[in-house]
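Line order of the protein sequences matches chains A and B.
Remember, the numbering used here sits 3 above the position in the first sequence when you count from 1.
Remember, the numbering used here sits 3 above the position in the second sequence when you count from 1.
Positions of the beta carbon are idealized from the N, C-alpha and C atoms, including for glycine.
Notes for the one structure printed next.
Protein chains: 2
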Amino acid sequence: MDVSPFAPKSFPEMPPVKGFDMAVKASGIRYKDRDDLWVLRGQPGTQIAGVFTRSLMPGAPVVWSRRALLAPNDPELPRVIVVNSGNANVFTGRSGDKAAELTANVARKVFDVDAKAVMLASTGVIGEPLDVAKIVRAMPDMKKSMTEDLWEASARAIMTTDTYAKGATATAKIGDTEVRINGIAKGSGMIAPDMATMLAFIATDANISQAALQTILSGFTALTFNAITVDSDTSTSDTVLLAASCAAKHAVMTDPHDSALNDFKNALLKVMLGLSHQIIKDGEGATKFIAIEVNGAVSDDSARTIAMAIGNSPLVKTAIAGEDANWGRIVMAIGKSGEPANPEKLSISMGPHLLAERGELARGYTEADGAAYMKRDHLEIKVDIGLGGGSYTAWTCDLTHRYIDINADYRS
Amino acid sequence: MDVSPFAPKSFPEMPPVKGFDMAVKASGIRYKDRDDLWVLRGQPGTQIAGVFTRSLMPGAPVVWSRRALLAPNDPELPRVIVVNSGNANVFTGRSGDKAAELTANVARKVFDVDAKAVMLASTGVIGEPLDVAKIVRAMPDMKKSMTEDLWEASARAIMTTDTYAKGATATAKIGDTEVRINGIAKGSGMIAPDMATMLAFIATDANISQAALQTILSGFTALTFNAITVDSDTSTSDTVLLAASCAAKHAVMTDPHDSALNDFKNALLKVMLGLSHQIIKDGEGATKFIAIEVNGAVSDDSARTIAMAIGNSPLVKTAIAGEDANWGRIVMAIGKSGEPANPEKLSISMGPHLLAERGELARGYTEADGAAYMKRDHLEIKVDIGLGGGSYTAWTCDLTHRYIDINADYRS
């Protein structure tokens, strides 16, 4: 498989996070000789927040994990997250529910945890039974190989059609204590608002209550993982988990708005944005990374709907693939969004170039300027609706032949 | 340009419709040596109904025609419809409004009609000024060449990226009088719910009041032109006009529900469905024609939303391009539609093959059956939601490399 032109030269240096260890294994669920199973263990007292797909046909692991998130769990026991790639365990009927339950139960036996508090995530093909015996067989070996320093291999184990492993790391101060935040994620099609075939797992040693973690994660997800779209399709398996081992020595933080958390929140947002952008840059067939900034809408929600209408438009995305500064298609996308807009107030820019204002081509704009700008691989579309104070930024990629190649051929 | 594999061997035989004549002309708006201008004239007393794009950024011709539809017009004067291809006259500011007004005014002078009742439609590039002088120059010649028997040339004159001319014809009885219905249309990208870069013009000699015509046209549009999608994008120019010359000798029909209109309505629906399907079959890059039939939804509206979510999903459409009976992606699309559905009640068929029922793979289904079926060029996806009595059928095409070729390169 061709690697995305945006693939980083190397995986970021990701030191251990206090209170977590992990293992990977090639269990043979679907891929041959490739790690496809990952276990992350948090020490006793670990708190986990989660955000899941809004699909009304979620996979069994999502149904399980939603429940596990709310389950009371013994603070004396560790927490584990078990993730497999290759099979999404979606639309697999009762056998899918049983596969999820069995996975949690084997994790309980092997890792001595509370099965009800085991978090699961699966990604890969839909509608084929998950051969859970392979997970059962692999787990004891994984227990023996648990180690703190395995983030890159972990990021590789959760990949499906991703062409590179995605990781981001940051440190922050809470009071005088330095804490670390490590995140890994996988894409790379079916990425759309409200999650996609997108899994992201973020671990920190910060000492934060579950309720505060959840508030922070949900708020930031709206600005990061839910602000990206590859193809407007939404997966049945999307899961973002934020786990805090609470190993750091600062006092426990219970108020998500406490200013002592500001530095931590900035760092977490940076990690989440970093992972989101890496997902888009590995969007199936992507050759352009596009930020769509909408200002002047009647509300932030309206700005988001407009930004997503632009980001999801096949005609906008193919024009960009063709390096065509086709602002007419941006007008089309704004028009079909259904949100308040008025051609005579609207302006559209690409990077530094004002293309259109007040309902017509901007004076001084030349096609040559636009054409030169479109050759870049990082592009910025700026739309000013001119009606209010609502704003939102979304990110997407172009729609190319490679997307078709990958998706006309995924199962075979 | 490669012609669609679905292109008919020849344009249908379309005899004249009493009370209408027409002309075409190569005015040089954008294309060289190709007809790009069409005038249809209906005799005095002609009634016109119309349906337009729901885009909030409609082109100047749509704004003009919406008003013209409601304008009182002199029953002693003919009606004309003026259509150009090559330039959509959208987002062209005040000059676009003036271009529309000027076109209507020159039609008034040349054809001796009421300018306010002239209907306009334009299709082509967005955001570039329409050189209306070319239309002004062409119109007197067109007046001289008006003829009744020019439907194929008319269908060609309104094409943009279409690879074949689209026409459909039928006859029907109203009482003892035979009436004719002729329709032409153009596609072929930006085709989506609530109209697309889609123009359709239907002429009949039936004697029907404007109000009754409008009721019939609006109702049937929901089941035909609004039930098709190529790429989920909606154009700023979509227009469907139904003109009745009222030349037929039967008594005027004013009640759209009068059973004397049943045969006429069946014939009109056939013409509208025929044109809709031709548009999909000429969808940019289409190699598969796909009917998506949803039953058992909680309402017809819900069924429509689900059918459109499937028809608009890039992952479903690329799977079909790859001849993969990937029902998992259909499950994904149903899940993201946001409509009530329950995996345990859901069943999915492709043509005669039941793929999935009650949340899992159907007994007896084999991948070989699915693979053999997917090689056909006409495909049927049937979804039973199992919750209620709502149903809807939508039509779409696959998403292929040719779509990218055409759209990454449209303006150059």
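CB of residue i within 8 Å of CB of residue j, strictly
{"i": "residue 242 of chain A", "j": "residue 53 of chain A", "result": "yes"}
{"i": "residue 408 of chain B", "j": "residue 291 of chain B", "result": "no"}
{"i": "residue 42 of chain A", "j": "residue 25 of chain A", "result": "yes"}
{"i": "residue 162 of chain A", "j": "residue 189 of chain A", "result": "yes"}
{"i": "residue 23 of chain A", "j": "residue 206 of chain A", "result": "yes"}
{"i": "residue 252 of chain B", "j": "residue 180 of chain B", "result": "yes"}
{"i": "residue 130 of chain A", "j": "residue 330 of chain B", "result": "yes"}
{"i": "residue 286 of chain B", "j": "residue 233 of chain B", "result": "yes"}
{"i": "residue 105 of chain A", "j": "residue 64 of chain A", "result": "no"}
{"i": "residue 56 of chain A", "j": "residue 238 of chain A", "result": "yes"}
{"i": "residue 14 of chain A", "j": "residue 168 of chain A", "result": "yes"}
{"i": "residue 20 of chain A", "j": "residue 173 of chain A", "result": "no"}
{"i": "residue 397 of chain B", "j": "residue 282 of chain B", "result": "no"}
{"i": "residue 92 of chain A", "j": "residue 133 of chain A", "result": "yes"}
{"i": "residue 182 of chain B", "j": "residue 209 of chain B", "result": "yes"}
{"i": "residue 101 of chain B", "j": "residue 30 of chain B", "result": "no"}
Cut-off 6 Å between Cβ atoms - residues of its own chain near residue i, not counting five sequence neighbours on either side
{"i": "residue 89 of chain A", "result": "32, 33, 34, 39 and 127"}
{"i": "residue 316 of chain B", "result": "336"}
{"i": "residue 218 of chain A", "result": "259"}
{"i": "residue 332 of chain A", "result": "318, 319 and 322"}
{"i": "residue 362 of chain A", "result": "346 and 347"}
{"i": "residue 72 of chain B", "result": "53"}
{"i": "residue 76 of chain A", "result": "117 and 120"}
{"i": "residue 264 of chain B", "result": "256"}
{"i": "residue 60 of chain A", "result": "239"}
{"i": "residue 314 of chain B", "result": "232, 295, 397 and 399"}
Neighbourhood of residue i by C-beta distance below 7 Å, restricted to the same chain and skipping five residues each side
{"i": "residue 376 of chain A", "result": "328, 353, 354 and 356"}
{"i": "residue 342 of chain B", "result": "300, 305, 308 and 309"}
{"i": "residue 28 of chain B", "result": "38, 40, 141, 144 and 145"}
Span separating the alpha-carbon of residue i from that of residue j
{"i": "residue 304 of chain B", "j": "residue 8 of chain A", "result": "43 Å"}
{"i": "residue 107 of chain A", "j": "residue 62 of chain A", "result": "15 Å"}
{"i": "residue 373 of chain A", "j": "residue 249 of chain A", "result": "51 Å"}
{"i": "residue 175 of chain A", "j": "residue 388 of chain A", "result": "37 Å"}
{"i": "residue 278 of chain A", "j": "residue 382 of chain A", "result": "18 Å"}
{"i": "residue 401 of chain A", "j": "residue 288 of chain A", "result": "8 Å"}
{"i": "residue 346 of chain A", "j": "residue 318 of chain B", "result": "33 Å"}
{"i": "residue 216 of chain B", "j": "residue 245 of chain B", "result": "7 Å"}
{"i": "residue 135 of chain A", "j": "residue 156 of chain A", "result": "22 Å"}
{"i": "residue 349 of chain A", "j": "residue 359 of chain A", "result": "8 Å"}
{"i": "residue 49 of chain B", "j": "residue 184 of chain B", "result": "14 Å"}
{"i": "residue 395 of chain A", "j": "residue 392 of chain B", "result": "40 Å"}
{"i": "residue 3 of chain A", "j": "residue 334 of chain A", "result": "Look at the range of chain A in this structure, 4 to 415, and you will see that residue 3 of chain A is not part of it."}
{"i": "residue 269 of chain B", "j": "residue 403 of chain B", "result": "34 Å"}
{"i": "residue 262 of chain A", "j": "residue 220 of chain A", "result": "16 Å"}
Per DSSP, the bridge partner or partners of residue i
{"i": "residue 90 of chain A", "result": "A/128"}
{"i": "residue 298 of chain B", "result": "B/387"}
{"i": "residue 183 of chain A", "result": "A/174"}
{"i": "residue 400 of chain A", "result": "A/292"}
{"i": "residue 363 of chain B", "result": "B/360"}
{"i": "residue 24 of chain A", "result": "A/44"}
{"i": "residue 321 of chain A", "result": "For residue 321 of chain A, which the question treats as bridged, DSSP gives no partner whatsoever."}
{"i": "residue 123 of chain A", "result": "A/85"}
{"i": "residue 395 of chain B", "result": "B/297"}
Outcome for residue i when other beta-carbon atoms lying within 10 angstroms are tallied against a minimum of 16
{"i": "residue 260 of chain A", "result": "exposed"}
{"i": "residue 257 of chain B", "result": "exposed"}
{"i": "residue 326 of chain B", "result": "buried"}
{"i": "residue 45 of chain B", "result": "buried"}
{"i": "residue 339 of chain B", "result": "buried"}
{"i": "residue 247 of chain B", "result": "buried"}
{"i": "residue 254 of chain B", "result": "exposed"}
{"i": "residue 194 of chain A", "result": "Low per-residue confidence applies at residue 194 of chain A: pLDDT is 46, beneath 50, and the placement is therefore not dependable, though the value from the model is reported in the following sentence. Buried is the call here."}
{"i": "residue 148 of chain A", "result": "exposed"}
{"i": "residue 178 of chain B", "result": "exposed"}
{"i": "residue 115 of chain B", "result": "exposed"}
{"i": "residue 405 of chain B", "result": "buried"}
{"i": "residue 81 of chain B", "result": "buried"}
Neighbourhood of residue i by C-beta, 8 Å cutoff - its chain only, sequence neighbours within 5 removed
{"i": "residue 111 of chain A", "result": "117, 118 and 121"}
{"i": "residue 186 of chain B", "result": "170, 171, 172, 203, 204, 205, 206, 274, 275, 277 and 278"}
{"i": "residue 79 of chain A", "result": "47"}
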